[in-house]
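Some notes on the structure that comes next.
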Amino acid sequence: METQIGKEFVFLLVGRTGVGKSSTVNSLMGKEIASVGDYEPTTMEVKNYDSDINGIKCTVIDTPGLCDDLEEEGNDYKYLELIRSKENQVDSMWFVSRLDDTRVSTDEKRGIKNNTLLNYKLAILPVFRW
1 METQIGKEFV
11 FLLVGRTGVG
21 KSSTVNSLMG
31 KEIASVGDYE
41 PTTMEVKNYD
51 SDINGIKCTV
61 IDTPGLCDDL
71 EEEGNDYKYL
81 ELIRSKENQV
91 DSMWFVSRLD
101 DTRVSTDEKR
111 GIKNNTLLNY
121 KLAILPVFRW
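Heads up: the sequence shown runs through residues 1 to 130, numbered per full-length UniProt numbering.
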């Protein structure tokens with residue numbers, strides 16, 4: 001990633017409820033700033049966390065769990081619209097998943113597909129939760 005003076009990098013974290021998105025925010029920021037629950041929904045809205053990492057301004061966006069409902073309920077699309085309205089300049093989207101999951105679930109595939117519709121660069125970030 002090329003560093004530009006004054007450039008702020010924006011990272012969007014998405015994934016199912018309880019996979020460690022908020023824990024990932026805390027790890028990236030080096031402090032406990034995002035509320036964390038044990039496999040229970042904690043993040044109920046899109047939240048921005050700003051930091052300076054090695055002299056580079058960064059924003060990490062934490063999101064509610066995607067892929068947690070039936071497709072016909074439409075909550076994923078509501079969250080995607082909320083994400084879209086919150087930030088229009090995302091540099092990279094990280095789809096957070098549990099490292100001990102042996103397969104990508106159908107719901108996760110749907111979430112990946114829906115998020116790529118936003119035209120973000122996609123990186124799969126497995127997070128081990130113990």
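Cβ coordinates follow ideal geometry from the N, Cα and C atoms, glycine included.
What are the boundary residues of the beta strand (DSSP E) that includes residue i?
| i | result |
| --- | --- |
| K21 | Note, K21: premise wrong, no beta strand (DSSP E); alpha helix (DSSP H) at 21 to 29. |
| I61 | 56 to 62 |
| V96 | 92 to 98 |
| I33 | Taken as a continuous stretch (DSSP letters only), I33 belongs to no beta strand (DSSP E), as it is neither H nor E. |
Closer than 8 angstroms by C-beta to residue i: which residues in its own chain qualify, once you throw out the five before and the five after it? Chain order, please.
| i | result |
| --- | --- |
| I33 | V25, N26, Y49 |
Could you pull out every residue in the same chain whose Cβ sits closer than 6 angstroms to the Cβ of residue i, ignoring the five residues on either side in sequence?
| i | result |
| --- | --- |
| C58 | F9, S51 |
| L28 | V60 |
Could you give the DSSP three-state label for residue i: helix, strand or coil?
| i | result |
| --- | --- |
| K7 | coil |
| D101 | coil |
| L80 | helix |
How close, in whole Å, do the beta carbons of residue i and residue j come, if the pair is a contact with beta carbons under 8 angstroms?
| i | j | result |
| --- | --- | --- |
| S97 | G37 | That belief does not hold up - the Cβ atoms of S97 and G37 are roughly 17 angstroms apart, past 8 angstroms. |
| S23 | T43 | Not confirmed; about 11 angstroms, so no contact. |
| L13 | V60 | 6 angstroms |
| T63 | V46 | 5 angstroms |
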